[in-house]
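As you go down the protein sequences, you meet chains A and B in turn.
At position 40 of the first sequence the residue is numbered 40 (the numbering used here), and the sequence of numbers has no breaks.
Just so we're on the same page, the numbering used here is the position in the second sequence counted from 1, plus 1000.
Backbone N, C-alpha and C fix where the C-beta goes; we use that ideal spot for every residue, glycine too.
So the structure is just underneath, and the comments pick up after that.
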Amino acid sequence: MSIESRTLENVSSNRLRTIALYAGLYGTAALFLVPYWYMFATSFMTRDLVYSEVPHLIPWDLTLYWYEYLLTSSLIVQWTVNTVLLAGITTVVVILIDAMIAYSLTRLDWPGRRAIFAVIVASFMVPGIINLVPVYIIVSELGLVNSIWGVVLPSAANPLGVFMLVQFFKDIPEELEEAARLDGFSRLRIFTHIVLPLMRSALAALGLFIFIWTWNAFVWPLLILQSETMYTLPIGLVTLQDNMGVTEPGVIMTSAVIASVPLLLVFLLMQKHLVRAVEMQGTTK
Amino acid sequence: MRAGDKRERSRASVRNGSSSTSRRGLLRAAGAVGLAGLAGCTGFVGGTPDGVEYWTLFAGGDGEVMEAMVDEINESDEHEWQINRQRVPWDEHYGRLYTSMVGGNPPDIAVMHSRMMHDYKDNLVAVTDDIGTEPYLQEVAQGGMVDGEQLAVPIDTHPFGLYYNKEVFEEAGLDPEKPPNTPDRFYEAANAIVENTAYYAFDYPENEFHAETMRMLLHGRGGRILTDDYEPAFDTDEGRAVVQEMHDWVHEHEWAPVDPTTGWDAWNRGEVGMKIEGTWHVTVVREAGFEFGLTKPFVMPDADDPVTLGDSHMLIIPQSDDRDRERLENAIETIRLLSQEFNDRWGSEAGHLPASEAALESDSLRESDTWEQTLGTFYEMVDNDQFIRPPATPNVEQYTEEIYQPLDDMRAGNMSPEAVIETAADGVEQAFNRR
Chain A
1 MSIESRTLEN VSSNRLRTIA LYAGLYGTAA LFLVPYWYMF ATSFMTRDLV YSEVPHLIPW
61 DLTLYWYEYL LTSSLIVQWT VNTVLLAGIT TVVVILIDAM IAYSLTRLDW PGRRAIFAVI
121 VASFMVPGII NLVPVYIIVS ELGLVNSIWG VVLPSAANPL GVFMLVQFFK DIPEELEEAA
181 RLDGFSRLRI FTHIVLPLMR SALAALGLFI FIWTWNAFVW PLLILQSETM YTLPIGLVTL
241 QDNMGVTEPG VIMTSAVIAS VPLLLVFLLM QKHLVRAVEM QGTTK
Chain B
1001 MRAGDKRERS RASVRNGSSS TSRRGLLRAA GAVGLAGLAG CTGFVGGTPD GVEYWTLFAG
1061 GDGEVMEAMV DEINESDEHE WQINRQRVPW DEHYGRLYTS MVGGNPPDIA VMHSRMMHDY
1121 KDNLVAVTDD IGTEPYLQEV AQGGMVDGEQ LAVPIDTHPF GLYYNKEVFE EAGLDPEKPP
1181 NTPDRFYEAA NAIVENTAYY AFDYPENEFH AETMRMLLHG RGGRILTDDY EPAFDTDEGR
1241 AVVQEMHDWV HEHEWAPVDP TTGWDAWNRG EVGMKIEGTW HVTVVREAGF EFGLTKPFVM
1301 PDADDPVTLG DSHMLIIPQS DDRDRERLEN AIETIRLLSQ EFNDRWGSEA GHLPASEAAL
1361 ESDSLRESDT WEQTLGTFYE MVDNDQFIRP PATPNVEQYT EEIYQPLDDM RAGNMSPEAV
1421 IETAADGVEQ AFNRR
């Protein structure tokens, strides 16, 4: 066999391997998409297709009935506005408070900061459900039941956020702050004009986590928001679904689409920050 | 602009003592103010609303009826107070109610099932002198009585019945006007459907209602689920016969599918002959669109005393230090309106059997389609003493789960009837011992 034909054989074998690899990877990725596609497709199916013995991935008989039902028989628009507000305000408050806590734990010298940090980290180990009743009693005593602040404030000092930001703040060179101090910057100005802009990607990543977490939060907002007009999407949609074991798959899937599409858009907008935050962890910029 | 220029400008602004309000900063501030403003404008910032706070767990068909009833009271000139009704997700209703009572922030009125009364009885306002049990079906009203005090007022009872698809009956060569209301007829119909059609003959509920179906069948054979001391009482010949029968529906006769979801979907497609469900199911079968009938769920062979089983939706007033006399009176009047004046609508439109005697005798209910299709049969069973209520005990949800989990496992083919009895009996004992 000539050298030329052996080379051609190698090239073709490599190409085949690459094609097989990509086919396998894209195939696996497509498998993960199937449930989402089914959710999306079912939301446009007629009742007959929804209950059909054979599951249909492509709805050949389209209807907007389930969307119409949700939009006309529920407060879904109000719930969506509420959810955006709650998630937005919680994200801003958590980022602000957590960044200040993390900064004070890493950059300021005060007695007991190590112990406080240990307590914050240890609080990871306490299941949230255990705190439910005590925190509810405190919030109730403060008169914050049925108020958005009753939902926002208990999550303001988020241990996950503090822990995550502490790790990022440790990577910021102290020389930057010293230089700023020499230029006459106050501590607050250093924090707002040097530290926070440097942490933009980390804060964006934390913001994304908090936004998604608040968007999906169920039990705590349900306890605090005691009015149907104040419900968030996850709560409101469940009130439409659950009834003596009676569930309409069309309603469930359409609710799932409505609840998840905004989140997907937020994720797509923020994903470059998320990737950058992961990249920069452990490095110094 | 070069980075050096930017830094220099920043330093200069600091030296000059001026605050550098950039365009981006202004936009951020405007965004934050806008968000807070929007929250305020939409009322999302919150506050304590005036009026009677009423927590329900009704969604779907009966949720819409309750909403309409409350709206009518609110819009009426006869009543000066407003009712703030809110739906609470079914699974979270009791957790939220409990937390709110512990936190001292309970609603003025809440819906409660009569079987849940035991755990809440010490924290409810008695309405014995204000409302009383006389206006209601006595057997149903007793569900709200504890030690001679009326702590809850019933709006309905929602027993089980046997729904059947008349179109499937016809296809199987059965007379659709001859309901399968005895064990023999049930067997005959089920066998005919399996032999003559490609459909399932029968389906029945899973989870909590699976355990209640067992309780209903067991009672018909003279057995019980619990003793008066909350000990398991189903490890008997009767208990074993009932569990064996439920096993055979799926695995011996192959009348019902192994997977309850398959059964539910097939029923909605009109491909199941018969199905045990409660009063609420009438809205589902109407939506499904096939011709249906309802009969008594007396499907257990050798049952000398067949019964249906039904819990009740009751209205309670949780105790609260913050509630003044006027608010309490408004709450009591709201309960009276919903459980008496509007009770016929609750029957004819939501499908539940009204608790009020007057509503049950009313022309508006008796002449409704719902009475003819379902409620007449349900009422007949209640009126003939063929009706039981699940008892109010401690740890209701826990011990019920200890029964339905092995039953669900048996239906899935993972457990034998003997193992179900043994596992469920151990579980029930533990559920009460944990207390």
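query                                                                                                                       : result
Outcome for A:Pro-134 when other beta-carbon atoms lying within 10 angstroms are tallied against a minimum of 16            : exposed
Rounded C-alpha distance that separates B:Val-1220 from B:Glu-1252                                                          : Rather than Val, the amino acid found at residue 1220 of chain B in this sequence is Gly. Their Cα atoms are separated by approximately 22 Å.
A:Pro-111, DSSP secondary structure in three states                                                                         : coil
Residues from the region 1076-1102 of chain B in contact with chain A, defined by Cβ distance under 9 Å                     : Asn-1084, Arg-1085, Gln-1086, Arg-1087, Val-1088, Pro-1089, Trp-1090, Asp-1091, Glu-1092, Gly-1095, Arg-1096, Tyr-1098, Thr-1099, Ser-1100 and Val-1102
Contacting residues, own chain, Cβ-Cβ under 6 Å from B:Ala-1012 (five flanking each side not counted)                       : No answer about B:Ala-1012 holds up, because its pLDDT of 44 lies below 50 and its placement is not dependable.
Per-residue contacts from B:Asn-1105 into chain E (C-beta, under 7 Å)                                                       : Checking the listed chains, one finds no chain E in this structure; the protein chains it contains are A and B.
Buried or exposed by the 16-neighbour rule on C-beta atoms within 10 Å, applied to B:Leu-1375                               : buried
Burial state of B:Arg-1345 (16 or more Cβ within 10 Å)                                                                      : buried
Neighbourhood of B:Arg-1007 by C-beta distance below 7 Å, restricted to the same chain and skipping five residues each side : Low confidence applies to B:Arg-1007: its pLDDT is 45, below 50, so where it sits in the model is not reliable, and the reading given next is rough at best. Here the set comprises nothing.
As assigned by DSSP and simplified to three states, the class of B:Ala-1201                                                 : strand
Among B:Gly-1143, B:Glu-1053, B:Ala-1288 and B:Tyr-1379, the one whose alpha carbon lies nearest that of B:Lys-1166         : B:Ala-1288
Same chain, Cβ closer than 7 Å to A:Ile-101, five either side skipped, listed in chain order                                : Ala-157 and Val-162
Buried versus exposed, by CB contacts within 10 Å (16 or more), B:Glu-1277                                                  : buried
Neighbourhood of B:His-1118 by C-beta, 6 Å cutoff - its chain only, sequence neighbours within 5 removed                    : Ala-1392, Thr-1393 and Pro-1394
Closest residue to B:Ala-1190 among B:Val-1250, B:Glu-1149, B:Arg-1336 and B:Arg-1366 (Cα-Cα distance)                      : B:Val-1250
Cutoff 7 Å: A:Glu-175 Cβ touching any chain B Cβ                                                                            : no
DSSP three-state assignment for B:Trp-1055, whether helix, strand or coil                                                   : strand
DSSP three-state assignment for B:Gln-1430, whether helix, strand or coil                                                   : helix
Chain A within 7 Å of B:Arg-1286, Cβ atoms only                                                                             : no
Test item: CB-CB of B:Ala-1223 and B:Gly-1239 under 7 Å                                                                     : The residue asked about is misnamed: residue 1223 of chain B is Gly in this sequence, not Ala. In this structure, B:Gly-1239 lies closer than 7 Å to B:Gly-1223 by Cβ.
Nearest candidate by alpha-carbon position, reference B:Phe-1436, set B:Thr-1262, B:Gly-1310 and B:Asp-1324                 : Look at the range of chain B in this structure, 1001 to 1435, and you will see that residue 1436 of chain B is not part of it.
Neighbourhood of B:Pro-1135 by C-beta, 7 Å cutoff - its chain only, sequence neighbours within 5 removed                    : Gln-1340, Ser-1356, Glu-1357 and Ala-1358
B:Leu-1174 versus B:Asn-1181, B:Gly-1161 and B:Glu-1188, residue with shortest Cα-Cα distance                               : B:Glu-1188
Under the three-state DSSP convention, the category B:Phe-1292 falls into                                                   : strand
Identified DSSP bridge partners for B:Pro-1159                                                                              : B:Gly-1310
Integer Cβ distance of B:Val-1382 from B:Leu-1353, believed to fall under 8 Å                                               : 7 Å
Candidates B:Tyr-1120, B:Pro-1179, B:Gly-1104 and B:Glu-1171, of which the one nearest B:Val-1146 by Cα                     : B:Tyr-1120
Within chain A, the residues that B:Asn-1268 reaches when beta carbons sit closer than 7 Å                                  : Tyr-51
Neighbour flag for B:Asp-1265 against chain A, beta carbons, 7 Å                                                            : yes
Residue of A:Thr-214, A:Glu-174 and A:Leu-70 minimising C-alpha distance to A:Ile-148                                       : A:Thr-214
Cutoff 7 Å: A:Val-93 Cβ touching any chain B Cβ                                                                             : no
Rounded distance between the beta-carbons of B:Arg-1411 and A:Glu-53, thought under 8 Å                                     : Contact flag wrong, Cβ pair sits at about 20 Å.
Collapsed DSSP secondary structure at A:Ile-172 in the structure displayed                                                  : coil
7 Å Cβ shell around A:Met-39 - same chain, five flanking residues per side excluded                                         : Met-253, Ala-256 and Val-257
A:Val-50 versus B:Gly-1263: straight-line alpha-carbon distance, rounded                                                    : 14 Å
Beta carbon proximity, A:Ser-74 to chain B, threshold 7 Å                                                                   : no
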